[in-house]
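Enquirer: According to this note's numbering, the residues represented by the sequence shown are 5 to 349, in order.
This structure is in structure tokens; I'll ask about it shortly.
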Amino acid sequence: MAPFPVLVHPFESETPRTTAYESGNPKAKNAFVVIGGLGDGPHTILAARSLSKALEDAPDLDYSLFEVRMHSSFDCFGNSSLRKDVSDITNLVRYLRQIGREKIVLLGHSTGCQDLMLYNKLSGVADPVEGFILQGPVSDRECIRHVCVQPEEKSVYEEALKYARKMATAGRLQDWMPRNYVPETLRSTPFTVYRFLSLADIDGDDDFFSSDLSSRFAAEIWNSLTKPTLVLPSAEDEFVPKYVNKLALLKEWMDLSPLISPLSDVIPGADHAVENPEAQKWYSKSSWRGCGSHIPNALAGIPEKDWCQCEPRVMIGSKSYPSAARMQLPGMSFFKSLFGNSTSK
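Next up, the structure:
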């Protein structure tokens, strides 16, 4: 990655020395905020650079991009919680309003998606924004059990869950988990009993996107949406168990809430962090599907079935994927059709 400039924004929050980093036009009227996942912090998400460049190349949208250092950033997530993240995000949104930003869109990557789902549920407390984008939403519980835990670790992992539940019953949620109980791939990060259960146990506070959630609970989750939300899973996400059908799961979610944008789709060829350059290009560019007529037809109010008759395919590496989501930036078509660049209400 080449060097790039940012403008540093210290802001007040319960977390000491919380800071946001802005790239793009510092005089932009609107803000696009990227919230990372476990282990992330400012500048760890490579795709954010592509998104920032795409926003710079679309000056009519008048957005700049912000990345934020929160209580849970980098290796501190094991001693944190979604609620602490929401507190930091709320204070950033409040700061952005104070400096005159008119529209604010939040993009969550990975567990940042869980942050935004809780932000929605706490809409009476969290400051309102114009929309949400969920990139790479995955179940931490399913990932830990079926991806992180190796076959030889499964018995220890089951013991770890029993131990953590026992500690929770005794009211010792803030005690540290013994290191040998944590899967080796996560062992460099200390975990409290609370965060371990939140991530790894059924009905944990982080358990929003598991494929085995009851229909009642899934409906409760997605009915909590308060603003237009774009959902973009990754086609080749290495943190999603192979038995999960990503497209089918996305369609289930879309059926549960009218606020999930019909532009939602699976990013072709993308791994969890969208590090493939071709997938980043798909993720960031402003074209829609393949023939170029979809955006103007959609914005003109023409029904989707009449946009055109093409069935384009997308080649990423050596693989061919179905039509690239109905939009190809978490923003371009999404922003234009929903937010535009008019004054915030």
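Idealized CB from N, CA, C, for every residue including glycine.
Determine, using beta carbons only, whether Glu-16 and Ser-91 come nearer to each other than 7 angstroms.
Expert: Against a cut-off of 7 angstroms, the Cβ pair of Ser-91 and Glu-16 comes out as no contact.
Enquirer: Could you tell me how far apart the beta carbons of Asn-83 and Thr-196 are, in whole angstroms, since I believe they sit closer than 8 angstroms?
Expert: Going by Cβ atoms, the distance from Asn-83 to Thr-196 rounds to 6 angstroms, so yes, they are a contact pair.
Enquirer: What distance in whole Å lies between the Cβ atoms of Phe-136 and Leu-110, which are believed to be in contact at a cut-off of 8 angstroms?
Expert: Confirmed, Cβ separation roughly 5 angstroms.
Enquirer: Under a three-way DSSP split, which group does Gln-139 fall into?
Expert: Correct three-state label for Gln-139: strand.
Enquirer: Counting along the chain, where does the beta strand (DSSP E) carrying Ile-39 start and finish?
Expert: From DSSP, the beta strand (DSSP E) with Ile-39 extends over 34-39.
Enquirer: Tell me whether the beta-carbon of Leu-122 lies closer than 7 angstroms to the beta-carbon of Leu-86.
Expert: Cβ atoms of Leu-122 and Leu-86: closer than 7 angstroms.
Enquirer: Verify whether the separation of the beta carbon atoms of Arg-105 and Ala-35 is less than 7 angstroms.
Expert: Yes, the pair counts as a contact, with Cβ atoms nearer than the cut-off.
Enquirer: For the beta strand (DSSP E) that Tyr-112 lies in, which residues bound it at each end?
Expert: The residue asked about is misnamed: residue 112 is Gly in this sequence, not Tyr. From DSSP, the beta strand (DSSP E) with Gly-112 extends over 108-113.
Enquirer: Which two residues bound the contiguous beta strand (DSSP E) that contains Leu-69?
Expert: From DSSP, the beta strand (DSSP E) with Leu-69 extends over 67-73.
Enquirer: Tell me whether the beta-carbon of Asp-44 lies closer than 7 angstroms to the beta-carbon of Val-97.
Expert: Cβ distance not < 7 angstroms, so Asp-44 and Val-97 don't count as in contact.
Enquirer: Can you tell me where the alpha helix (DSSP H) holding Tyr-25 begins and where it ends?
Expert: Not the alpha helix (DSSP H): Tyr-25 falls in the beta strand (DSSP E), residues 23-27.
Enquirer: In the DSSP assignment, find the beta strand (DSSP E) that holds Leu-236 and state where it starts and stops.
Expert: Per DSSP, Leu-236 belongs to the beta strand (DSSP E) from 233-236.
Enquirer: Of all the options Pro-7, Met-5, Tyr-25 and Ala-6, which has the alpha carbon lying nearest to the alpha carbon of Pro-14?
Expert: Checked all of Pro-7, Met-5, Tyr-25 and Ala-6; the closest Cα to Pro-14 is Tyr-25.
Enquirer: Is the CB-CB distance between Ser-215 and Val-186 below 7 angstroms?
Expert: Not in contact: Ser-215 and Val-186 (Cβ atoms no closer than 7 angstroms).
Enquirer: Please report the straight-line C-alpha distance between Leu-11 and Ser-27, rounded to a whole angstrom.
Expert: C-alpha separation (whole angstroms): 7 angstroms.
Enquirer: What are the boundary residues of the beta strand (DSSP E) that Val-90 is part of?
Expert: Unbroken run through Val-90 is the alpha helix (DSSP H), 86-102; no beta strand (DSSP E).
Enquirer: With 16 other CB atoms within 10 Å as the buried threshold, where does Glu-156 fall?
Expert: With fewer than 16 Cβ atoms within 10 Å of its Cβ, Glu-156 is classed as exposed.
Enquirer: What are the start and end residues of each continuous alpha helix (DSSP H) run of 4 or more residues lying completely inside the region 198-253, in chain order?
Expert: If we require 4 residues or more, the alpha helix (DSSP H) runs fully inside the region 198-253 come out as 219-226.
Enquirer: So which of Asp-61, Val-37, Leu-42 and Ala-62 has the shortest CA-CA distance to Ala-52?
Expert: Of Asp-61, Val-37, Leu-42 and Ala-62, the residue nearest in Cα terms is Val-37.
Enquirer: Give the straight-line distance between the Cα atoms of Ser-268 and Ala-174, rounded to the nearest whole angstrom.
Expert: Cα to Cα, Ser-268 sits roughly 43 angstroms from Ala-174.
Enquirer: Excluding sequence positions up to five away, which residues of its chain have a Cβ less than 7 angstroms from the Cβ of Ala-168?
Expert: Excluding positions up to five away in sequence, the list reads Met-181, Val-197, Phe-200 and Leu-201.
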